[in-house]
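Listed in order, the protein sequences are those of chains A and B. For the first sequence, counting from 1, position 70 maps to 65 in the working numbering; every step adds exactly one. For the working numbering, add 225 to where a residue sits in the second sequence, where the first one is 1. Positions of the beta carbon are idealized from the N, C-alpha and C atoms, including for glycine. Please read all numbers here as calculations on a predicted model, not as lab measurements.
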Amino acid sequence: MVTLLINGQSHTVDASEDTPLLWALRDFVGLTGTKFGCGIAQCGACTVHVDGKAVRSCQLTIGNVGAKSITTIEAIGDTPMGARIQKAWADIDVVQCGYCQSGQVMSAVALLSHTPNPDDSDIDAAMSGNICRCGTYVRIRQAIKNAAKTV
Amino acid sequence: MSKYQKIQSNASTLSRRGFLKAGSAAGGGLLLSFYVPVAFAQGAQKPTPYVLNPNAFIAIAPDGKVTFQIPQAEMGQGVYTSLSQLLADELDVSFDQVTALPAPPIDAIYGSPRGHRMGTGGSQSIRSFYYPLRQVGASGRAMLVQAAANQWKVDSATLRTESGQVIDDTHGGRKLSYGELAPHAAKLTAPQKVKIKDDKDLKLIGHPVHRLDAIEKGNGTAQYGMDVRLPGMKFAALAASPVVGGKVAKIDASKLSGNLQLVQLDDIVAVVGPDFWSALKGLRALNINWNGGPYAHIDSAQIWKDLRATSEKKGAEAVAMGDADKGLADGTRLDVAYELPFLSHAPMEPQNFTVHVTPGACEMWGGSQVQTGAVAAAAKTLNIPQEKVTFHNYTLGGGFGRRLDTDMVEKAARIAQKVDSPVKVIWTREEDITQDMYRPAYRNVMSASLSPDGKINGWMHRIAGGSIQVRMSGKPLKDGLDRGNVDGALDNVYGVPNFRVEYIQSEPRAINLGYWRGVAPNNTIFAIESLMDELAIKAGKDPVAFRLAHLDATPRLKACVQTAAQKAGWGSPLAARRGRGICAQFAFGTYIATVAEVEVDDDGEVRVHKFTSAIDAGRVVNPDGMIAQLQGGLIFGTTAALFGEITVKDGRVEQSNFNNYRIIRMSEAPATDITVIKSTEAPGGIGEPGCTAGPPSVVNAIAAATGVRLRTLPINRDLLARRTA
């Protein structure tokens, strides 16, 4: 039994401590917005926030999360920055298949939270851990810039 | 069960019931199948949320909300949105009232008007459904107008529609909403002959609209097969034989914990558990010995040796104009070969399927590009009638051709046969990449000759590679020709007087082949456009000018080349080690010219800075969606050009995850500048042609930047590194 603080709520899950946060979220808590893409922190589809920092949840075991605060795609829209990013995404139709976009949004929110006016190299640095197979990078970059303008 | 899933399963039930009523009538002509009155009002045993379903595609609720059942799979290409535009414009409803849901797997009603089967591939959706779905929408509209005319006892010709209402101008502009009319319209016979809108009256078709799935895919609520959750559902991790045709030799399962179930099949081992991580841990704790079988000693070198040898033989003729051999003998001749590797699809959503096998039946959930094919695959695997298979198709986390195959359905069904509950079978990324149906490796043997005036006089293009059609059908080729492998090579857009294209089959050992985004043209266009560049250089001509000189017979492509070159600043000076390259293509019914601008560093690393494309895809449904497909396709193709290669050692695929099967990342992604050329010609496809435009334009740009001609993909950085002697 491990207790996790997810999106402001306490969840006790009957999973072993070595379970990656990704699978605890998906299979135990039922939050399937966080995606499995590679399992080795190469694609970023599983990105969540732990104490506000973007983290690959496939590499963080629940035994190591402790009392830290976890935010997932399901709740990021409740924050002003999350809502702003999601609106910027929708405004220019960033998504295609959409499978990577939970992770893209989480990485973009983390970027703008720390760097309100990112330049291209800031965007490259913050977003290059998130693969998009459909190739929506051009629009992701634009959406981040658009969202930054509204900060 | 989420709200979305409830809606989805209601829709499936509704249409299944409708199909039972409609089935007998649907056997006739193709267009009839679109107009079959589903008449659930007579057949329904209990009320449903839908009050109008005149032809299996459209339902209108009392509050005016409109639901379309979309026959094509949504895998990112925006087809739910674009096909909804076709229906909504002709039906005359506001787009913000529209919801799109997957149509159930019924070929007789939802099969492509071209192929008579449900299937999403080959950039066919808009080309196949552009007029048929407009007619469906217009038919639905006519039924609503007739229902209003009946109620008001007026001639339907005096009525008009606007945004979900029928309006009677001759009686003070009185109105009835579609929601009010729907129950009455549902009882009418759908008209079979309807007039579609004039171009000037179109409000949605040809105008940019937002994707219907833009919100749910940005906030994590979109449901993929991977996200299915069912009461009592278990999870399975699997390992299939790492060598094609191999078998399980021996398993040591002594470390398997008690809450896990071992499923051992001939060529698959799976562990079933209460959650995926437990199952995967259990699988990894097994010690599995495989008997690799006859392919266990095959390496890439042997596959390429076979392919190269076969490619030198004469192939089956796919097209011939003039006399290619004579033409080649007359002029300055160039003989070259271009080689492309095996590629994995690597969609972001790894393969998965959830299956519940019950006595004599099965229900399944997952994402497929071939809905009825998935049903047939499960039925065959389980040896039950297709009617006993219920399939819920989901939005796909990428397709790219991977989900045109049904091996993931068959594997899941075989495992589910041994499990007493619904089971979600999830492939790891390693399983997804090593157990793919790969884009064939190809060798293009080409010859061309130049006349003294710089015109191409002779052209021979022989394509050698394995046949996906043969692998899928199990039947040999007729007369040795696989038309699926020569697409893009036959059109002779450059008007060469003596022209021949051949195909020769060369099946690779140890590799299963499948359709990959861009299909044959991702090979043929690369070869053609590489050769065009080499010919231009040999003729001493500018690559753009050389193509333009050969495009008088293909004016739409000529216009694309002129536009792209002008927008890209073709001919303007660039820094050292920077270059521009062009690709002109006609494929999937669409004309595109693309200029890539690249930079090559001293280590031979290539940075693609920008693509400038001009596209003429005929009539366009969603212009912004089309641009998105071209942007994404160019990047998809560039990934292949820069990184894509699957290799085999000891019968096993050597690449396994994104660390060794690289995908372009944000820091490497090129900018794009796309110009849409307006046209009223028949609509062309757009899902794939961007993908085919990337590699040749990049390689031609590399040649311009460095003087080095690359004839194989992925790019060889050693050849591009600047040597200091």
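query                                                                                                                                  : result
Beta-carbon proximity list for B:G876, same chain, < 6 angstroms, skipping 5 on both sides                                             : V468, G517, Y520, A521, I523 and A735
Contact with chain A by B:W652, beta-carbon distance below 7 angstroms                                                                 : no
Proximity below 7 angstroms, CB of B:L358 to CB of B:L312                                                                              : yes
Residue environment, B:R366, which counts as buried when at least 16 other CB atoms sit within 10 Å                                    : buried
B:D317 versus B:N747 - alpha carbon distance                                                                                           : 39 angstroms
Exposed unless 16 or more other CB atoms sit within 10 angstroms - verdict on B:G398                                                   : exposed
For B:G690, the nearest candidate out of B:S674, B:E655, B:A745 and B:Y719 (CA to CA)                                                  : B:A745
For B:N748, the three-state DSSP class (helix, strand or coil)                                                                         : helix
Simplified DSSP assignment, three categories, for B:N516                                                                               : strand
Distance between beta carbons of B:T897 and A:V133, contact taken as under 8 angstroms                                                 : 5 angstroms
CA-to-CA distance, B:L935 to B:L944, given in whole angstroms                                                                          : 8 angstroms
B:F293 - DSSP class collapsed to helix/strand/coil                                                                                     : strand
DSSP three-state assignment for B:F836, whether helix, strand or coil                                                                  : strand
Beta strand (DSSP E) runs wholly inside the segment 441 to 471 of chain B, at least 3 long, in chain order                             : 459 to 465
Closer than 7 angstroms to chain A by CB, B:I871                                                                                       : no
Members of the segment 94 to 105 of chain A that neighbour chain B once the beta carbon cut-off is set at 8 angstroms                  : Y94, C95, Q96, S97 and V100
Rounded C-alpha distance that separates B:G253 from B:Y619                                                                             : With a pLDDT of only 19 at B:G253, under the threshold of 50, the placement of this residue in the model should not be trusted, and no figure is reported.
Start and end residues, alpha helix (DSSP H) containing B:I658                                                                         : R654 to T659
Whole-number beta carbon distance between B:Q322 and B:V291, since they are thought to touch under 8 angstroms                         : 5 angstroms
Unbroken alpha helix (DSSP H) run spanning B:S692, endpoints                                                                           : Per DSSP, B:S692 belongs to no alpha helix (DSSP H) and is neither H nor E.
Short CB-CB distance (under 7 angstroms) between B:E656 and chain A                                                                    : no
Per-residue burial, A:T(-2) [other beta carbons within 10 Å of its own, 16 or more giving buried]                                      : exposed
C-alpha gap between B:N514 and B:A789, whole angstroms                                                                                 : 56 angstroms
Whole runs of the beta strand (DSSP E) within the segment 793 to 827 of chain B, excluding any shorter than 3 residues                 : 803 to 812 and 815 to 825
Within the segment 499 to 546 of chain B, ranges of the beta strand (DSSP E) (whole runs, at least 3 residues)                         : 512 to 516 and 541 to 546
Those runs of the alpha helix (DSSP H) which lie wholly inside the segment 572 to 659 of chain B and span at least 4 residues          : 596 to 607, 632 to 641 and 654 to 659
Outcome for A:T145 when other beta-carbon atoms lying within 10 angstroms are tallied against a minimum of 16                          : exposed
Segment contact flag, the segment 451 to 469 of chain B with the segment 484 to 501 of chain B, C-beta cutoff 8 angstroms, min 3 pairs : yes
DSSP three-state assignment for B:K475, whether helix, strand or coil                                                                  : strand
Inter-residue spacing [alpha-carbon to alpha-carbon] between B:F265 and B:E315                                                         : Here the model assigns B:F265 a pLDDT of 29, short of 50, so the residue's position is not dependable and the matter cannot be decided.
Span separating the alpha-carbon of A:M(-4) from that of A:L26                                                                         : 18 angstroms
Cα-Cα separation, B:A853 to A:T131                                                                                                     : 8 angstroms
Buried or exposed by the 16-neighbour rule on C-beta atoms within 10 Å, applied to B:K378                                              : exposed
Residue range of the beta strand (DSSP E) that includes B:S881                                                                         : Counting along the chain, B:S881 falls outside any beta strand (DSSP E), and DSSP gives it neither H nor E.
Beta-carbon proximity of B:L756 to B:V544, cut-off 7 angstroms                                                                         : no
Segment contact flag, the segment 436 to 445 of chain B with the segment 89 to 100 of chain A, C-beta cutoff 8 angstroms, min 3 pairs  : yes
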